[in-house]
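The structure appears below as structure tokens.
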Amino acid sequence: MRQEDKTAAARVLLDMPLFHLLMDELEMAAVNGCVNAKNTDHDARAAFAAEVRAIRNFRGKLRFLAEGQANSDGKGAPA
545 MRQEDKTAAA RVLLDMPLFH LLMDELEMAA VNGCVNAKNT DHDARAAFAA
595 EVRAIRNFRG KLRFLAEGQA NSDGKGAPA
């Protein structure tokens, strides 16, 4: 997939209100799961926190791609 195609696909996803609604609901469910987990259930708390981080990282990656800053061939990287 060319970089232009990735940028266009990321913009399409970010332009969809349903995408934002779904991502917000997923993130909110994971945050609530983390907050409402038992104090002694460290594994569940860690799993929910990891899910929140993954959702936020995914959103950040999409925004980064949509801005057209990603350069997969490395030619734009500083030396």
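Reading the sequence shown from the start, the letters are residues 545 to 623 in the numbering used here.
We treat Cβ as the ideally placed atom computed from N, Cα and C, and that holds for glycine.
The structure presented is a predicted model; accordingly, all values stated were derived computationally and were not measured.
Ends of the alpha helix (DSSP H) at D559? One-based indexing of the sequence shown puts residue 559 at position 15. Careful: D559 lies outside any alpha helix (DSSP H) and carries neither H nor E.
Enumerate in chain order the residues of its own chain whose CB-to-CB distance from A610 is below 7 Å, with the five nearest sequence positions on each side excluded. Here the question's residue 610 lines up with position 66 in the sequence shown. Correct list, in chain order: T551, A554, R555, L558.
Residue environment, A594, which counts as buried when at least 16 other CB atoms sit within 10 Å: For the purposes of this step, residue 594 is identified with residue 50 of the sequence shown, where counting begins at 1. Classification for A594: exposed.
May I ask you to report which of helix, strand or coil DSSP gives T551? In the sequence shown, counting from the first residue as 1, residue 551 sits at position 7. Reduced to three states, the DSSP call for T551 is helix.
So, for D568: in the same chain, excluding its five sequence neighbours on each side, which residues have a beta-carbon less than 7 Å away from its beta-carbon? Within the sequence shown, numbered from 1, the residue matching residue 568 stands at position 24. Result list for D568: empty, nothing under 7 Å.
Residue of R546, M572, M560 minimising C-alpha distance to A598: On the sequence shown, position 54 is the one that residue 598 refers to. Of R546, M572, M560, the smallest CA-CA separation from A598 is found for M572.
What residue range does the alpha helix (DSSP H) around R546 cover? Against the sequence shown, residue 546 aligns to sequence position 2. Note, R546: premise wrong, no alpha helix (DSSP H); not H, not E.
Cβ-based burial, A590 [other Cβ within 10 Å; buried from 16]: Sequence index remark: in the sequence shown, residue 590 carries index 46 (1-based). With fewer than 16 other Cβ atoms within 10 Å, it is exposed.
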